[in-house]
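Undergrad: Input: one structure, supplied below.
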Amino acid sequence: MTHKIAILGASGYTGAELIRLIAQHPNLEITALSGERKAGMEMAEVFPHLRHMSLPRLCRIDEIDFSQIDLCFCALPHKTSQEVIAALPGDLKIVDLSADFRLRDPADYEMWYGNKHAALAQQEEAVYGLTEFYREEIRGARLVAGTGCNAATGQFALRPLISAGVIDLDEIILDLKCAVSGAGRSLKENLLHAELSEGYNPYAIGSTHRHLGEFDQEFSKLAGRPVKVQFTPHLIPANRGILATVYVKGDAQAIHDTLAAAYADEPFIQMLPFGEAPSTHHVRGSNYCHIGVAADRLPGRAIVFAALDNLTKGSSGQALQNANLMLGENEEEGLTMAPLFP
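Residues 1 to 342 in UniProt numbering are what the sequence shown spells out, letter by letter.
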């Protein structure tokens with residue numbers, strides 16, 4: 001069975017990544033692509049690397065006949081996404097890649113994003129889109145909220161450890177390095193080559209990074225009590241990739257064993273041998289996440305590492321993985337390509 005797909009915000013990086021992935025899927029057909037500022041343009045003009053594909057022209061959202069669409073990917077900025085999704089047909093399956101439906105409490109959304117929630121009815125039905133941990137809920141969902149890419153990386157490293165009680169919940173330090181594509185395609189002065197290359201810098205330090213809202217929500221739910229991690233993201237001069245280095249208090253071998261058991265049957269999570277650390281080079285362009293554990297020199301402390309591609313496993317690949325479940329497809333369909341190396 002062929003499912004007809006629309007991608008809203010197809011002129012951004014995550015939209016282009018969705019197109020790249022769906023091109024390998026035998027049962028999905030892209031029938032509508034929106035890009036408000038680039039409406040009327042061919043995708044080959046916007047992303048020349050896609051010129052070999054036969055794709056519809058970019059159009060405005062109000063030009064799409066959603067009665068002919070089986071599932072819609074929404075790759076729009078936060079706030080815009082809420083407004084658009086609230087106006088879409090109530091029976092349309094949607095995977096949202098923005099932040100607009102990730103936080104279950106509308107008050108938390110307002111605190112972290114500075115806007116009142118504009119789609120409360122849709123928020124009530126939204127399922128958090130971390131596939132490996134919400135698989136059954138996603139399978140029956142109409143609206144799935146994709147996670148933040150930083151939030152997904154940190155959660156892959158920590159969720160099984162919190163659930164199993166093998167680490168001190170008050171001693172978690174998350175140091176994260178993320179590539180520039182995570183900031184989107186809009187022009188920003190600090191992302192110019194001369195400003196970014198040959199160095200890296202922390203950003204959104206202290207309590208200001210919005211993905212802290214996801215960490216607080218998900219980790220506290222798992223633990224049954226408030227859990228707040230120390231988290232500092234760093235912007236690195238690379239196009240793709242996230243590497244999380246997490247410092248925890250607990251037995252390193254038990255931590256490795258817990259993660260290995262939790263992910264033993266997960267097709268996209270690869271555990272490294274004890275003592276090895278992953279690299280963003282080894283997951284580039286793929287839907288895989290590599291996790292490693294090493295003992296710290298301080299007794300009773302360990303270091304957990306997680307690496308993934310922010311545009312694939314951290315966003316568009318996760319979105320397709322969720323869409324497969326929602327459409328009754330094989331969860332791995334269109335996502336088993338090997339990473340690009342070097």
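Don't be surprised by glycine CBs; every beta carbon is placed ideally from N, CA and C.
1) Rounded to whole angstroms, what's the CA-CA distance from M43 to V248? Just pull it up for me.
2) Leaving out five residues on either side along the sequence, give the residues of the same chain with a beta carbon under 7 Å from the beta carbon of R51.
3) Touch check for the stretch 335 to 342 and the stretch 92 to 108: three-plus C-beta pairs under 8 Å?
4) By DSSP, does K38 sit in helix, in strand, or in coil?
5) DSSP state of I255, grouped into three classes?
6) Just list the alpha helix (DSSP H) runs in the stretch 89 to 149, keeping only unbroken ones of 4 residues or longer that don't cross its boundaries, in chain order.
7) Would you kindly report the start and end of the unbroken alpha helix (DSSP H) that includes residue 344?
8) In this structure, does DSSP put A87 in helix, strand or coil?
9) I need the DSSP call for F156, collapsed to helix, strand or coil.
10) Shortest alpha-carbon distance to W112 belongs to which of K79, I94, L143?
11) Can you give me the C-alpha to C-alpha distance between P160 and A262, rounded to a whole angstrom?
12) Could you pull the DSSP bridge partners for A302 from this structure?
13) Between the Cα of R284 and those of N310, F268, L259, V293, spot the shortest distance and give me the residue it belongs to.
14) So the alpha helix (DSSP H) Q318 belongs to, where does it begin and stop?
15) On the DSSP letters alone, give me the boundaries of the beta strand (DSSP E) that A179 sits inside.
16) Return the CA-CA distance between G146 and Y128, expressed in angstroms with no decimal places.
17) With L196 as the anchor, note down where its alpha helix (DSSP H) starts and where it stops.
18) If we ignore side chains and look at the alpha-carbon of each, how far apart do L8 and F215 end up?
19) Quick one: what does DSSP say K4 is sitting in, helix, strand or coil?
20) Taking DSSP as the reference, what is the three-state secondary structure of F66?
21) As a quick exercise: from N330, E331, L320, G334, pick the residue whose alpha carbon is nearest that of V95.
22) Thinking L196 and A244 are a contact (beta carbons under 8 Å), I'd like their distance in whole angstroms, please.
23) Measuring alpha carbon to alpha carbon, tell me which residue in G184, K228, P233 is nearest P202.
24) With DSSP collapsed to three states, give me the class of Q24.
25) Spatial neighbours of N287 within its chain, please: C-beta separation below 6 Å, excluding the five flanking residues on both sides.
26) Here's the rule I'm using: 16 or more other beta-carbon atoms within 10 Å means buried, otherwise exposed. How should L298 be labelled?
27) Anyone know if the C-beta pair for H3 and L212 falls short of 7 Å?
28) Excluding sequence positions up to five away, which residues of its chain have a Cβ less than 8 Å from the Cβ of A260?
29) From L76 to D251, what does the alpha carbon distance come to, in whole angstroms?
30) Which of helix, strand or coil does DSSP assign to E29?
31) Leaving out five residues on either side along the sequence, give the residues of the same chain with a beta carbon under 6 Å from the beta carbon of F47.
32) What are the start and end residues of the beta strand (DSSP E) that includes M271?
33) Going by the beta-carbon positions, is the gap between I61 and S81 smaller than 7 Å?
34) Taking M43 as part of the alpha helix (DSSP H), name the residues at either end of that continuous run.
35) Give every residue of the same chain whose Cβ lies closer than 8 Å to the Cβ of I255, excluding the five residues on either side of it in the sequence, and list them in chain order.
36) What's the call for D100, buried or exposed, on a 16-neighbour Cβ count within 10 Å?
TA: This is what the structure gives:
1) Translated into the one-based positions of the sequence shown, residue 43 becomes position 43. Translated into the one-based positions of the sequence shown, residue 248 becomes position 248. Roughly 45 Å between the two C-alpha positions.
2) Here residue 51 is taken as the residue at index 51 of the sequence shown, counted from 1. Same-chain partners within the cutoff: A44.
3) Judged by pairs of C-beta atoms under 8 Å, the stretch 335 to 342 does not touch the stretch 92 to 108, as fewer than three such pairs exist.
4) Taking the first residue of the sequence shown as position 1, residue 38 is located at position 38. In the three-state reduction of the DSSP assignment, K38 falls in the helix class.
5) For the purposes of this step, residue 255 is taken as residue 255 along the sequence shown, with counting starting at 1. Of the three classes helix, strand and coil, the one that applies to I255 here is helix, per DSSP.
6) If we require 4 residues or more, the alpha helix (DSSP H) runs fully inside the stretch 89 to 149 come out as 106 to 113, 120 to 125, 131 to 139.
7) Since the first and last residues shown for the chain are 1 and 342, residue 344 lies out of range.
8) Residue numbering aside, residue 87 sits at position 87 when the sequence shown is read from its first letter. Note: A87 maps to coil in three-state DSSP.
9) On the sequence shown, position 156 is the one that residue 156 refers to. Per DSSP, reduced to three states, the secondary structure at F156 is helical.
10) In the sequence shown, residue 112 corresponds to position 112, counting from 1. Taking only the C-alpha atoms, the option nearest W112 is K79.
11) Translated into positions along the sequence shown, residue 160 becomes position 160. Translated into positions along the sequence shown, residue 262 becomes position 262. Their backbone Cα atoms lie some 6 Å apart in a straight line.
12) One-based indexing of the sequence shown puts residue 302 at position 302. Per DSSP, V248, A295.
13) Residue mapping note: residue 284 aligns to position 284 of the sequence shown, counting from 1. Per the Cα distances, N310.
14) By 1-based counting over the sequence shown, the position of residue 318 is 318. Taken as a continuous stretch (DSSP letters only), the alpha helix (DSSP H) holding Q318 covers 317 to 326.
15) The count along the sequence shown starts at 1 and reaches residue 179 at position 179. Start and end: 172 to 179.
16) Within the sequence shown, residue 146 is the residue found at index 146, counting from 1. Within the sequence shown, residue 128 is the residue found at index 128, counting from 1. The straight-line gap from Cα to Cα measures roughly 7 Å.
17) Counting from one through the sequence shown, the residue named residue 196 turns up at place 196. Per DSSP, L196 belongs to the alpha helix (DSSP H) from 193 to 196.
18) If you number the sequence shown from 1, residue 8 lands on position 8. If you number the sequence shown from 1, residue 215 lands on position 215. Using only the alpha carbons, I get a separation of about 27 Å.
19) If you number the sequence shown from 1, residue 4 lands on position 4. Strand at K4.
20) Residue numbering aside, residue 66 sits at position 66 when the sequence shown is read from its first letter. Residue state for F66 is assigned as helix, using DSSP reduced to three classes.
21) Counting from one through the sequence shown, the residue named residue 95 turns up at place 95. The option with the nearest alpha carbon to V95 is L320.
22) Start at 1 with the first residue of the sequence shown, and residue 196 comes out as number 196. Start at 1 with the first residue of the sequence shown, and residue 244 comes out as number 244. Not confirmed; about 20 Å, so no contact.
23) By 1-based counting over the sequence shown, the position of residue 202 is 202. The shortest CA-to-CA distance from P202 to any of G184, K228, P233 is the one to P233.
24) Looking up residue 24 in the sequence shown gives position 24. Per DSSP, reduced to three states, the secondary structure at Q24 is coil, with no helix or strand assignment.
25) In the sequence shown, the residue the question calls residue 287 occupies position 287. When the five nearest sequence neighbours on each side are left out, the beta carbons in the same chain lying within less than 6 Å of the beta carbon of N287 are those of F268, T312, K313, G317, L335, in order along the chain.
26) For the purposes of this step, residue 298 is taken as the residue at position 298 of the sequence shown. Exposed: under 16 other Cβ atoms inside 10 Å.
27) For the purposes of this step, residue 3 is taken as the residue at position 3 of the sequence shown. For the purposes of this step, residue 212 is taken as the residue at position 212 of the sequence shown. No, the Cβ-Cβ distance between H3 and L212 is not below 7 Å.
28) By 1-based counting over the sequence shown, the position of residue 260 is 260. For A260, where only same-chain residues beyond five positions count, the Cβ hits under 8 Å are M271.
29) On the sequence shown, residue 76 is found 76 positions in, with the first residue counted as 1. On the sequence shown, residue 251 is found 251 positions in, with the first residue counted as 1. If you draw a straight line from the Cα of L76 to the Cα of D251, it is about 42 Å long.
30) Locating residue 29 in the sequence shown gives position 29, counting from the first residue. Correct three-state label for E29: strand.
31) As a first step, residue 47 is located in the sequence shown; it is residue number 47 there, counting from the start. Cβ neighbours of F47 beyond the five flanking positions: A16.
32) Counting from one through the sequence shown, the residue named residue 271 turns up at place 271. First-last of the beta strand (DSSP E) with M271: 269 to 271.
33) As a position in the sequence shown, residue 61 is number 61, starting the count at 1. As a position in the sequence shown, residue 81 is number 81, starting the count at 1. No, they are not a contact pair.
34) Within the sequence shown, numbered from 1, the residue matching residue 43 stands at position 43. Residues 43 to 46.
35) Sequence index remark: in the sequence shown, residue 255 carries index 255 (1-based). Excluding sequence neighbours, I255 sits near L161, V166, I167, V248, V293, A302, V304.
36) The residue you call residue 100 lines up with position 100 of the sequence shown. The Cβ neighbour count for D100, taken over all protein chains shown within 10 Å, is at least 16; the residue is labelled buried.
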